[in-house]
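These notes concern the structure reproduced below.
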Amino acid sequence: NTKFICIQASQLKALIIYTKSVILIGDISVFILFVIIGDSGHEIQYPNMLLRTALPFAICWIAISPVFGTFKHEIITDLQMTLVKIPLIWIFCGAVAIIIRSELADRPFIWSFTLVSIAVQGVLLTSWRILVNRALRCL
């Protein structure tokens, strides 16, 4: 009986690691999608734009958001928590990313880009996390 519980616990741990890995890959995909969407309105070369735009947002999200619990079970599985916490955490991470992007890319701070990037990526990120939440409820 003890052996059965250990196997179940290890399988649960593996499932949690797998789920969080899929969520992280999806989060990063959001930042890449933002660049692709932006490219449809501008004629931009991808490699340069990916580095200048997607990378600062992805790094800030990956480095900062876990401190606020974005990968905690409660935020992943509770729709209300997802709807409240992910946008709030994103606004903070997005603002930090804009500052870093301005410094690293030697680009001026542009309010229109700031508002559009935080809003669009916030909607994409929250939508992705809602999909994750709904998918996990089906399991």
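Quick note, the sequence shown lines up with residues 703 to 841 if you use the numbering used here.
C-beta: ideal position from N, C-alpha, C; glycine also.
Just so you know, these numbers come straight off a predicted model, no measurement behind them.
Problem - Sequence ranges, alpha helix (DSSP H) only - wholly within the stretch 769-825, length at least 4 - result: 775-779, 781-806
Practice task
Just tell me which of Arg836, Thr828, Leu838, Ala837 has its CA closest to the CA of Asp729.
Solution key: Thr828
Problem - Counted within 10 angstroms of its Cβ, other Cβ atoms place Ser723 as buried (16 or more) or exposed - result: exposed
Practice task
Please name the residue, chosen from Ile778, Phe733, Ile739, Leu757, that lies closest to Phe836 on a Cα-to-Cα basis.
Solution key: Looking at the sequence itself, residue 836 is Arg, so the reference to Phe does not match. Closest by alpha carbon: Ile778.
Practice task
Give the straight-line distance between the Cα atoms of Thr772 and Leu752, rounded to the nearest whole angstrom.
Solution key: Taking the straight line joining both Cα atoms gives about 24 Å.
Problem - Contacting residues, own chain, Cβ-Cβ under 6 Å from Thr816 (five flanking each side not counted) - result: Ile800
Handout entry: Whether Val737 touches Ala756 by CB criterion (7 Å)
Key = Against a cut-off of 7 Å, the Cβ pair of Ala756 and Val737 comes out as a contact.
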